[in-house]
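Chemist: For what it's worth, UniProt numbering labels the leading residue of the sequence shown as 1, then goes sequentially. Ideal placement from N, C-alpha and C gives every residue a C-beta, glycine not left out. Since the structure is predicted, the reported quantities are computational estimates derived from the model, not experimental observations. Below you'll find the structure I mean.
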Amino acid sequence: MTFDELLAFAGRNVFYVIALVGITLALLYTEVARLFRPFKALRPAGLTVLINRENALVVDFSAINDFEKGHIPGSKNVVFSQFDPDNKVLANAKSLPVVAVCRNGQASEGAAKRLKAAGFEHVYWLEGGIAAWQQADLPLVKGR
1 MTFDELLAFA GRNVFYVIAL VGITLALLYT EVARLFRPFK ALRPAGLTVL INRENALVVD
61 FSAINDFEKG HIPGSKNVVF SQFDPDNKVL ANAKSLPVVA VCRNGQASEG AAKRLKAAGF
121 EHVYWLEGGI AAWQQADLPL VKGR
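As structure tokens, this is what we get:
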């Protein structure tokens with residue numbers, strides 16, 4: 001295919017070209033944003049290593065009913081709507097590794113940003129949340 005043929009194709013299929021450019025820009029933006037986020041993303045295996053080796057504090061931002069249905073062993077529940085980086089659960093953890101977790105990873109990503117902005121030194125985020133933890137066949141604890 002020559003450059004002239006490519007230009008002719010683009011002229012005949014403007015919608016496809018716009019869609020391709022849009023998707024490419026969205027992917028680039030996502031990847032660049034990932035590089036510059038102020039916290040580190042973890043997968044479930046990485047979280048287990050962090051818990052076992054560095055005694056990480058896992059903070060679950062799920063709703064109370066969801067937390068009681070199943071959470072990572074040893075995690076503390078902080079309801080996202082009442083989240084304050086200076087609350088008593090987090091007060092003494094500014095120098096410890098702190099991992100933000102929720103059901104699917106969306107609310108906890110915002111919480112991780114807020115923790116880092118509040119001066120927490122080692123902030124992590126469980127990518128994919130509890131759903132990813134379950135997919136990795138790792139245990140959950142029920143109740144409080």
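Measuring alpha carbon to alpha carbon, tell me which residue in V78, E68, L6 is nearest L140.
Modeler: Of the listed residues, the one whose Cα sits closest to L140 is E68.
Chemist: So what does DSSP say about V14, is it helix, strand or coil?
Modeler: Looking at V14 - three-state DSSP - the assignment turns out to be helix.
Chemist: Could you check what DSSP says for V32 in three-state terms: helix, strand or coil?
Modeler: If DSSP states are grouped into helix, strand and coil, V32 belongs with the helices.
Chemist: Output needed for I121: all residues of its chain with C-beta closer than 7 angstroms, excluding positions within five of it in sequence on either side, in chain order.
Modeler: Per the sequence shown, the amino acid found at residue 121 is Glu instead of Ile. Result list for E121: K94, S95, in chain order.
Chemist: Within this structure, are the beta carbons of V101 and F61 separated by less than 8 angstroms?
Modeler: Yes; because the gap between Cβ atoms is below 8 angstroms, this pair is in contact.
Chemist: In or out: G128 buried (at least 16 other Cβ within 10 Å) or exposed?
Modeler: Buried.
Chemist: I'd like to know whether the C-beta atoms of residue 146 and V98 end up nearer to each other than 8 angstroms.
Modeler: An answer regarding residue 146 cannot be provided, because it is not within the stretch 1 to 144 covered by the chain.
Chemist: Please look up how many angstroms separate the CB atoms of L115 and P85, rounded, as I've assumed it's under 8 angstroms.
Modeler: The Cβ separation is near 6 angstroms, so the contact holds.
Chemist: Return the Cβ separation of V78 and N87 in integer angstroms, given the expectation that the two are a contact with Cβ distance under 8 angstroms.
Modeler: Yes, V78 and N87 are in contact; Cβ-Cβ is about 7 angstroms, under 8 angstroms.
Chemist: Whose CA, out of A111, Q134, N55, lies closest to the CA of W125?
Modeler: If we check each option's Cα against that of W125, A111 comes out closest.
Chemist: So which of A136, A118, R12, F83 has the shortest CA-CA distance to A107?
Modeler: Among A136, A118, R12, F83, the Cα nearest to that of A107 belongs to F83.
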